[in-house]
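**Student:**
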Amino acid sequence: MSLNDPAHLPDGPSPGRADAAAAALPADALPTDAAAAALPAHADAVLPGPWGAVLYETRTTHVRAEPRRVFRHRGYLWLVDLDRLPRLPRPLRPLARFLPRDHALHPGTADVRADLARDLAAHGLRPDPAGRVLMLTQARSLGHVFNPLTVYWCRDAAGAPLCTVAEVHNTYGQRHRYLLRPDAAGHAEAAKDFHVSPFLPLDGRYRLLLPEPDGERLRLTVALELPGGRAFTATVSGTGRPAGPAALLRAAARHPFATYAVSLRIRAQGVRLWLRGLPAHPRPRPHSRPRPGEAVRR
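Numbering (this note's numbering), first residue to last: 824 to 1121.
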């Protein structure tokens, strides 16, 4: 897990950072007081719907600056409480399963929340067991899952924000967590130290806009800044509805094999870039950067 540099954690929103994020998202993507109140933050609160979760039908856009390429795809994501994971009827379980091995960084961990708490403790954060942790992710569906990005929003027992964690997966089967301390609007920064694409260097800095979802609208942005300017921007937008049998069947029918499609589309984009002659950066040796849970220079 990487800890973002405290020097980039202002007490209030940074004008430069806000401008950069706003360039990638419409103005109404930023959370309002009313939107933030749509999902109760207290640990005892339950997410809406028969399964206590939210399903977001989403549109993901990737914009690469050089060579200029725009890649879009649709799908759906789950917002779940790690202490109250959905319990689906047996006939629907092939469409959505939440398995620790799909997220845990430490082998043998039987609980995603415990695995996350272990990494946070390595950086001096000890989440209150009574505090709520929300996870935005794809569920394992029809035997497969691939999550380029999973986001965790952690709160203390009183409902106050504690931290946000961005969990990144690459196509080599590796995963890495970035520990973030966003400002009130959800802006954060982190130095890139995990290999994701062979067509982007293991350098630069992420600018992120990760406001906690309000149960109705989802707006996230991750931008990679290199010394020469912005190299890549990914945005996720979506509309949520309480998760239940009807919502899941609707999403699965509109986006069949969604988890497989994400993997195939990312690989297909890589092949297109390779065919265009774009130079590839070699994959670093395993653990050439800090391992999850190791101390990170601050």
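Glycine included, every Cβ here is placed at the ideal spot set by N, Cα and C. This one's a predicted model, so the numbers in the text were calculated from it and none came from an experiment.
Let's test the definition: count the other Cβ atoms within 10 Å of the Cβ of P912 and tell me whether it reaches 16, buried, or not, exposed.
**Tutor:** As a working mapping, residue 912 is identified with position 89 in the sequence shown. P912 is exposed by the Cβ-count criterion.
**Student:** Between the alpha carbons of L1047 and P930, how many angstroms are there, rounded?
**Tutor:** For the purposes of this step, residue 1047 is taken as the residue at position 224 of the sequence shown. For the purposes of this step, residue 930 is taken as the residue at position 107 of the sequence shown. Straight-line Cα distance between these residues: approximately 30 Å.
**Student:** Report yes if the C-beta distance between V991 and V1019 is below 8 Å; otherwise report no.
**Tutor:** On the sequence shown, position 168 is the one that residue 991 refers to. On the sequence shown, position 196 is the one that residue 1019 refers to. Closer than 8 Å, so yes.
**Student:** For L965, which residues from the same chain have a beta carbon less than 8 Å from its beta carbon, with the 5 sequence-adjacent residues on both sides left out?
**Tutor:** Stepping through the sequence shown from its first residue, residue 965 is reached at position 142. Around L965: P917, L918, F1080, T1082 and Y1083.
**Student:** What is the DSSP secondary structure of V893, counted as helix, strand or coil?
**Tutor:** On the sequence shown, position 70 is the one that residue 893 refers to. Residue state, collapsed to three classes: strand.
**Student:** What does the alpha-carbon distance come out to for the pair T915 and P873?
**Tutor:** Counting from 1 along the sequence shown, the entry for residue 915 is found at position 92. Counting from 1 along the sequence shown, the entry for residue 873 is found at position 50. The residue you asked about is not Thr; residue 915 is Leu in the sequence shown. The straight-line gap from Cα to Cα measures roughly 14 Å.
**Student:** Opposite V1085 in the DSSP bridges: which residues?
**Tutor:** Here the question's residue 1085 lines up with position 262 in the sequence shown. The partner list for V1085 (beta bridge, DSSP) is empty, contrary to what the question assumes.
**Student:** Leaving aside the five residues before and after L1071 along the sequence, list all residues of the same chain whose C-beta is less than 8 Å from its C-beta, in chain order.
**Tutor:** Position 248 of the sequence shown, counting from 1, holds the residue named residue 1071. Excluding positions up to five away in sequence, the list reads L878, L911, L915, L918 and A919.
**Student:** In angstroms with no decimal places, state the Cα-to-Cα distance between C986 and Q961.
**Tutor:** For the purposes of this step, residue 986 is taken as residue 163 along the sequence shown, with counting starting at 1. For the purposes of this step, residue 961 is taken as residue 138 along the sequence shown, with counting starting at 1. Computed Cα separation, rounded: 21 Å.
**Student:** Starting from the Cα of H946, find the closest Cα among R892, L1032, F969 and R1004 and give me that residue.
**Tutor:** As a first step, residue 946 is located in the sequence shown; it is residue number 123 there, counting from the start. Out of R892, L1032, F969 and R1004, R1004 has the C-alpha closest to the C-alpha of H946.
**Student:** Looking at C-alpha atoms only, which residue of P1050, C977 and R963 is the closest neighbour of A940?
**Tutor:** If you number the sequence shown from 1, residue 940 lands on position 117. The option with the nearest alpha carbon to A940 is C977.
**Student:** For A857, which residues in the same chain have their Cβ closer than 8 Å to its Cβ, ignoring the five residues on either side in sequence?
**Tutor:** The residue given as residue 857 occupies position 34 in the sequence shown. Its pLDDT being 34, under 50, A857 is placed unreliably by the model, and the measurement read from it follows with that caveat. Cβ neighbours of A857 beyond the five flanking positions: none.
**Student:** What is the rounded straight-line gap between the Cα of A981 and the Cα of L1041?
**Tutor:** Here the question's residue 981 lines up with position 158 in the sequence shown. Here the question's residue 1041 lines up with position 218 in the sequence shown. The alpha-carbon atoms of A981 and L1041 are separated by roughly 24 Å.
**Student:** Which residue's Cα is closest to the Cα of R897: V1085, L1043, V968 and A933?
**Tutor:** In the sequence shown, counting from the first residue as 1, residue 897 sits at position 74. Among V1085, L1043, V968 and A933, the Cα nearest to that of R897 is on V1085.
**Student:** Spatial neighbours of R1140 within its chain, please: C-beta separation below 8 Å, excluding the five flanking residues on both sides.
**Tutor:** This structure does not reach residue 1140, given that the chain is present from 824 up to 1121, and the question cannot be answered.
**Student:** With a floor of 3 residues, list each beta strand (DSSP E) that falls wholly inside the segment 1001–1077, ordered by position along the chain.
**Tutor:** Listed in chain order, they are 1010–1014, 1028–1032, 1040–1049 and 1052–1065.
**Student:** Taking the beta carbon of E889 as the centre, do at least 16 other beta carbons fall within 10 Å, making it buried, or is it exposed?
**Tutor:** The residue labelled residue 889 in the question sits at position 66 within the sequence shown. So E889 ends up on the exposed side.
**Student:** Since I believe G996 is in contact with K1015 (beta carbons under 8 Å), could you give me their beta-carbon distance rounded to a whole number of angstroms?
**Tutor:** Against the sequence shown, residue 1015 aligns to sequence position 192. Against the sequence shown, residue 996 aligns to sequence position 173. At roughly 19 Å, the Cβ-Cβ gap does not stay under 8 Å, so K1015 and G996 are not in contact.
**Student:** To the nearest angstrom, report how far apart A1054 and R998 are at their CA atoms.
**Tutor:** On the sequence shown, residue 1054 is found 231 positions in, with the first residue counted as 1. On the sequence shown, residue 998 is found 175 positions in, with the first residue counted as 1. The alpha-carbon atoms of A1054 and R998 are separated by roughly 21 Å.
**Student:** Could you tell me if A1075 is buried or exposed, where buried requires 16 or more neighbouring beta carbons within 10 angstroms of its beta carbon?
**Tutor:** As a position in the sequence shown, residue 1075 is number 252, starting the count at 1. Buried.
**Student:** Assign L1128 to buried or exposed, taking buried as 16 or more other Cβ atoms, counted over all protein chains shown, within 10 Å of its Cβ.
**Tutor:** No answer is possible for residue 1128: the residues shown for the chain start at 824 and end at 1121.
**Student:** Kindly indicate which three-state DSSP category A980 falls into: helix, strand or coil?
**Tutor:** To locate residue 980, count along the sequence shown from 1; it is residue 157. Reduced to three states, the DSSP call for A980 is coil.
**Student:** Answer with buried or exposed for T1058, where buried requires no fewer than 16 other C-beta atoms within 10 angstroms of its C-beta.
**Tutor:** Taking the first residue of the sequence shown as 1, we reach residue 1058 at position 235. Burial call: buried.
**Student:** Give the secondary structure of D938 by DSSP, where H, G and I count as helix, E and B as strand, and everything else as coil.
**Tutor:** Here residue 938 refers to the residue found at position 115 of the sequence shown. Reduced to three states, the DSSP call for D938 is helix.
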